[in-house]
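Residue numbers (the UniProt record's numbering): 1 to 480.
Structure representation (structure tokens):
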């Protein structure tokens, strides 16, 4: 295992939430840090405010003198001038995941992995450890509300990291313990098929030390449990089923929170409360955190008590506003399982109607949801009263002929028992259309991994200004 820290590092593409967080922790750990990005962002501003040199635009001259390690993300192409210069200078070039792993040198890495729920679960884990006085270092894919950031360099011995399987980069980590929430088909642009996804997760689980490592797996996913059992590591299975080592024996939802009881293998009955994170899936996330800390030797009830201080993560059932009887929340869900869990939880909160504004993410992912997981995607919206589709968020991809928000709408319209569904192709028409549909007592969830998150504040502003919904436009609710 690597034990020597690097002294100087330069990040190409430092303006995103993930890379900026890594840069900030590296800086706080005493490294000389610089970076560049093609444009300014709130994250580059935060780095500059912290005293880190950030260049706008990519140029070979941005790489400082000396012998810095150059860190790139998967998004950086081979023709990037800084990457070319780094190769010509013979500098060490790391993928962002290698730097993520390096920040854990000298710390005990606790990694949270899984197709869904890892951001919330890793945030819960960091929050609970902090509530127990441990002050962990953490790097997470979302903004933890209590900290106002996704990254923190703590004084404690633990390093909580969200382990990203999307591009197989979690293979670089050397965790003492892993918590795996689930495994499903996703990111098939990086994987051959589901079997390869299982292979990579199996290797990741096997990276846990055989002598003192811990694996915690969700018992709701039978294939995951079988995979974890094959690793021959200390294993704790959590969930609702009778065969789970850490079993949820009682679950009572209360508005956007929940109470639950977790029965441990030693007979202890742990009582816990989760606030601001509705749904059965979030109770599972919380139970996994308590089970992991118990397996690591912490007092389980103390961990459960600290859960009550968890204030949530931005873009995870994130309250944007309540105006004129209309409640608006924002959520990152964009995979069928995530969509279904979020809408199902929302449907139990007592609103008159649940409306969903969904923005498909990336053209390259369209075949996954409209072909491979077509039935799951269509059924994911069943608990909603109405769903409106925006056009695809490209995330830098070129448009694909024949793929649009209507492609996703048609999948839902083909599904028996689908909710009211429409497609609003022009972004400028989305808020007026929603205003025509929403009434007092309704909930709107803006949903997706792209810039749909900006619609909620715009809608709240329109409601506050008393915009007349009669000026709204009509969505396309058919294939015509």
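Don't be surprised by glycine CBs; every beta carbon is placed ideally from N, CA and C.
To which residues of the same chain is residue i closer than 7 Å at the C-beta, ignoring the five residues directly before and after it?
{"i": "residue 437", "result": "355 and 386"}
{"i": "residue 333", "result": "339, 342 and 447"}
{"i": "residue 235", "result": "215, 217, 228 and 229"}
{"i": "residue 286", "result": "124, 272, 274 and 307"}
{"i": "residue 206", "result": "231"}
{"i": "residue 38", "result": "57 and 58"}
{"i": "residue 314", "result": "142, 143 and 145"}
Tell me which same chain residues have a C-beta within less than 6 Å of the C-beta of residue i, skipping the five on either side of it?
{"i": "residue 151", "result": "21, 24, 25 and 139"}
{"i": "residue 400", "result": "363"}
{"i": "residue 237", "result": "217, 219, 225, 244 and 245"}
{"i": "residue 259", "result": "252 and 273"}
{"i": "residue 156", "result": "134, 135 and 136"}
{"i": "residue 383", "result": "343, 344 and 347"}
{"i": "residue 458", "result": "431"}
{"i": "residue 66", "result": "8"}
{"i": "residue 239", "result": "218, 219 and 220"}
{"i": "residue 69", "result": "6, 9, 92 and 94"}
{"i": "residue 52", "result": "27 and 33"}
{"i": "residue 77", "result": "none"}
Beta-carbon within less than 8 Å of residue i's beta-carbon, same chain only, minus the 5 sequence neighbours each way: which residues are those?
{"i": "residue 301", "result": "268, 270 and 271"}
{"i": "residue 411", "result": "369, 370, 374, 377 and 378"}
{"i": "residue 336", "result": "369, 373, 376, 377, 379 and 380"}
{"i": "residue 420", "result": "385, 386, 387 and 477"}
{"i": "residue 289", "result": "121, 124, 125, 128, 179, 303 and 307"}
{"i": "residue 361", "result": "334, 392, 393, 395, 448, 449 and 450"}
{"i": "residue 146", "result": "127, 130, 309, 310 and 311"}
{"i": "residue 14", "result": "20, 23, 35, 36, 37, 43, 44, 47 and 54"}
{"i": "residue 292", "result": "110, 125, 177, 179, 214, 216 and 236"}
{"i": "residue 119", "result": "140, 141, 142, 162, 313, 316 and 332"}
So, residue i versus residue j, is the Cβ gap smaller than 7 Å?
{"i": "residue 312", "j": "residue 440", "result": "no"}
{"i": "residue 178", "j": "residue 126", "result": "no"}
{"i": "residue 97", "j": "residue 81", "result": "no"}
{"i": "residue 108", "j": "residue 141", "result": "no"}
{"i": "residue 135", "j": "residue 154", "result": "yes"}
{"i": "residue 460", "j": "residue 256", "result": "no"}
{"i": "residue 318", "j": "residue 329", "result": "yes"}
{"i": "residue 35", "j": "residue 54", "result": "yes"}
DSSP on residue i, reduced to helix/strand/coil?
{"i": "residue 222", "result": "helix"}
{"i": "residue 298", "result": "coil"}
{"i": "residue 171", "result": "helix"}
{"i": "residue 181", "result": "coil"}
{"i": "residue 198", "result": "helix"}
{"i": "residue 155", "result": "coil"}
{"i": "residue 208", "result": "coil"}
{"i": "residue 304", "result": "helix"}
{"i": "residue 236", "result": "strand"}
{"i": "residue 105", "result": "coil"}
{"i": "residue 133", "result": "coil"}
{"i": "residue 149", "result": "strand"}
{"i": "residue 478", "result": "With a pLDDT of 44 at residue 478, under the threshold of 50, the predicted position of this residue should be treated as unreliable, though the coordinate-derived value follows. In the structure shown, residue 478 sits in coil (DSSP, three-state: anything other than H, G, I, E or B)."}
{"i": "residue 6", "result": "coil"}
{"i": "residue 142", "result": "strand"}
{"i": "residue 111", "result": "strand"}
{"i": "residue 163", "result": "coil"}
{"i": "residue 203", "result": "helix"}
{"i": "residue 217", "result": "strand"}
{"i": "residue 470", "result": "Unreliable positioning characterises residue 470 in this predicted model, as indicated by a pLDDT of 45, which lies under 50. The coordinate reading is nonetheless provided below. Residue 470: helix per DSSP, three-state reduction."}
Report the residue from the options whose alpha carbon sits nearest the alpha carbon of residue i.
{"i": "residue 100", "options": "422, 202, 208 and 19", "result": "19"}
{"i": "residue 481", "options": "145, 265, 296 and 291", "result": "The chain is shown from 1 up to 480; residue 481 falls before or after that span and cannot be answered."}
{"i": "residue 46", "options": "252, 29 and 17", "result": "17"}
{"i": "residue 33", "options": "42, 10 and 15", "result": "10"}
{"i": "residue 450", "options": "117, 203, 393 and 64", "result": "393"}
{"i": "residue 197", "options": "113, 40, 73 and 242", "result": "113"}
{"i": "residue 130", "options": "73, 304 and 102", "result": "304"}
{"i": "residue 173", "options": "203, 30, 182 and 194", "result": "203"}
{"i": "residue 310", "options": "144, 367 and 43", "result": "144"}
{"i": "residue 443", "options": "321, 425, 62 and 406", "result": "321"}
{"i": "residue 117", "options": "261, 262, 181 and 426", "result": "181"}
{"i": "residue 405", "options": "222, 164, 366 and 279", "result": "366"}
Would residue i count as contacting chain D if we go by Cβ distances under 7 Å?
{"i": "residue 318", "result": "In the structure shown, chain D cannot be found, because there is only a single protein chain."}
Could you name each continuous alpha helix (DSSP H) segment of 4 residues or more that falls completely within the UniProt domain "Mur ligase C-terminal" (315–450), going from the start of the chain to the end? Fully enclosed alpha helix (DSSP H) runs of 4 or longer: 336–347, 374–379, 405–413 and 430–437.
Where in the UniProt domain "Mur ligase N-terminal catalytic" (9–103) do unbroken runs of the alpha helix (DSSP H), each at least 4 residues long, occur, reported from the N-terminal end onward? Every unbroken stretch of the alpha helix (DSSP H) spanning 4 or more residues and falling wholly within the UniProt domain "Mur ligase N-terminal catalytic" (9–103) is given here in chain order: 17–28, 42–49, 81–88 and 96–102.
Quick one: complete beta strand (DSSP E) runs, 3+ long, within the region 242–301? Annotation: the region 242–301 contains the following complete segments of the beta strand (DSSP E) (minimum length 3 residues), in chain order: 246–254, 257–263 and 269–274.
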